[in-house]
């Protein structure tokens with residue numbers, strides 16, 4: 257049965273190719289012998305469709321290439337690669353298999369020419385697909401049917417083939433489709449895929465993007481697995497595959513990643529800046545408390561000094577008043593003494609006239625008169641000094657009063673400064689308390705941004721295929737072939 261299906265699969269491939277060829281009314285089939293083969297070898301640009309036949313576990317067992325040549329002329333077309341057989345699908349010419357290449361004779365000019373080539377050893381599929389089948393949680397053969405309905409599950413794992421060349425490993429998308437009979441299974445539930453009911457079958461579509469790993473599980477009730485087919489296509493990926501809106505993500509995501517990384521660096525610098533600021537404010541806050549205490553002590557000292565200055569000014573004023581009174585009294589004394597001197601002089605004149613010969617008396621009178629004059633002169637000088645002293649004390653008292661008034665102004669200024677410094681100290685204490693928690697908060701923000709940045713890096717790595725520079729397709733059969741127009745794969749599980 258499996259052999260029959262393989263034969264049918266080969267016939268299907270040939271039929272598909274022939275159906276295209278049949279549309280060309282001008283196509284001719286000409287038998288050729290080795291003697292009539294063209295000798296001009298041509299390395300042609302081609303379209304490659306690679307058919308991969310897989311067992312029910314997903315392992316690829318057979319690979320066939322169906323190749324389309326366009327606008328061909330008569331010649332011997334060379335296809336480099338490892339081949340075991342070839343078949344002309346557009347004519348009856350014999351295709352020659354040589355070591356490392358296939359020679360396809362084209363005997364006449366035509367718009368397109370198809371041929372089929374069996375691939376030899378050494379080719380690696382772009383994707384590895386593994387399939388497992390479970391009935392009531394036990395892995396089993398998917399071909400066994402039951403009478404009663406029970407739980408079924410198909411588990412599918414898809415990943416890029418590490419043995420495939422980079423162009424196929426990183427540049428292709430896998431679109432997998434599982435078809436189930438709706439009369440055998442009930443509505444299936446699938447993780448990571450879409451289910452559509454069409455034509456009596458459930459069509460389940462699954463997609464694995466380049467570089468990603470896809471794990472899918474299809475669960476349903478059924479009397480059997482009801483599998484009609486499991487097949488996939490591998491096609492070259494371009495951002496346009498996601499649509500115009502999402503393809504722009506390939507440009508914007510790197511910019512976003514760079515922006516978040518820069519923001520994380522800036523936040524780290526902000527954290528350090530806030531830490532330094534918090535430390536400075538803490539020092540300033542501590543110093544401001546000392547400053548407030550010092551200003552308080554200054555205020556108290558100024559109050560004491562002002563009080564002392566006022567007391568001194570008052571005392572000087574009193575002393576000046578006393579000096580003025582003394583000076584006034586001494587003026588009276590000087591006036592009285594001046595009157596006394598006149599009397600002394602009068603007595604001296606009288607006694608001198610009465611006793612002209614009494615020299616002793618005359619000497620004493622002269623001495624008394626001289627002494628009285630000296631006393632009068634001293635009293636006059638003392639009086640002048642007392643008046644100057646009184647005036648000086650009054651002036652000093654006035655100066656102290658001005659000094660005391662200045663101290664009063666300083667006391668008021670110190671009081672205002674003390675009130676202001678208390679407010680500043682309280683404000684700085686509040687700022688210090690608020691800033692103390694900010695560096696840790698910014699540090700947490702930075703950690704979160706770093707996590708986000710790392711997450712974006714991981715996402716960028718997972719979606720690295722979005723950011724690859726567009727490249728030309730590469731021939732699957734051999735990199736020695738010219739750059740093909742297209743290369744696609746059709747993967748078919750043949751065990752159903």
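Residue numbers (this note's numbering): 257 to 752. Beta carbons are placed, not taken as given, at the ideal position from N, Cα and C, and that holds for glycine.
In this structure, DSSP gives residue 752 a state outside helix and strand, which the three-state scheme calls coil.
Contact annotation: the segment 383-403 does not touch the segment 349-360, with fewer than three C-beta pairs closer than 8 angstroms. Less than 9 angstroms separates the beta-carbon of residue 478 from that of residue 408. Between the C-alpha atoms of residue 580 and residue 568 there is a straight-line separation of about 18 angstroms. Rounded to whole angstroms, residue 645 and residue 576 show a C-alpha spacing of 8 angstroms. For residue 426, the enclosing alpha helix (DSSP H) covers residues 422-427. With respect to the C-alpha of residue 348, the residue from 584, 293, 483, 339 having the closest C-alpha is 293. Around the C-beta of residue 345, 16 or more other C-beta atoms lie within 10 Å, and the residue is accordingly described as buried. Residue pairing by DSSP puts residue 447 in a beta bridge opposite 473.
In the structure shown, residue 407 adopts extended strand secondary structure according to DSSP, grouped into three states.
Taking 9 angstroms as the cut-off, the Cβ atoms of residue 337 and residue 352 do not count as close. Rounded to whole angstroms, residue 335 and residue 728 show a C-alpha spacing of 18 angstroms.
Restricting attention to 306, 403, 670, the CA atom closest to the CA of residue 548 is found in 670. The DSSP-derived three-state label of residue 552 is helix. Between residue 370 and residue 413, the C-beta gap is not smaller than 9 angstroms, which leaves the two residues out of contact. The alpha-carbon separation between residue 522 and residue 710 amounts to approximately 16 angstroms. Ranked by Cα distance from residue 486, the options 428, 584, 389 are led by 389. Contact annotation, residue 445 with residue 475: C-beta distance approximately 5 angstroms; criterion of less than 8 angstroms satisfied. Residue 465 is positioned such that its CB atom lies closer than 9 angstroms to that of residue 429. In this chain, the beta strand (DSSP E) harbouring residue 388 covers 383-391. A residue is called buried when at least 16 other Cβ atoms come within 10 angstroms of its Cβ; residue 400 does not meet this threshold and is exposed. For residue 493, the three-state secondary structure derived from DSSP is coil. Counting every other CB atom within 10 Å of its CB across the protein chains shown gives residue 733 a total of 16 or more, marking it as buried. The Cβ atoms of residue 431 and residue 393 lie no closer than 9 angstroms to each other.
According to DSSP, residue pairing for residue 299 in a beta bridge involves 334. Restricting attention to 752, 750, 748, 742, the CA atom closest to the CA of residue 300 is found in 742. In this structure, the alpha-carbon of residue 354 lies about 13 angstroms from that of residue 375.
In the same chain as residue 312, and ignoring 5 residues on each side of it, the C-beta atoms closer than 7 angstroms to its own belong to 387, 398, 749, 751, in chain order. Per DSSP, residue 438 lies in no beta strand (DSSP E) and is assigned neither H nor E.
Here the alpha carbon of residue 404 sits roughly 25 angstroms from the alpha carbon of residue 447.
With respect to residue 368, residue 324 sits close: the two C-beta atoms are nearer than 9 angstroms.
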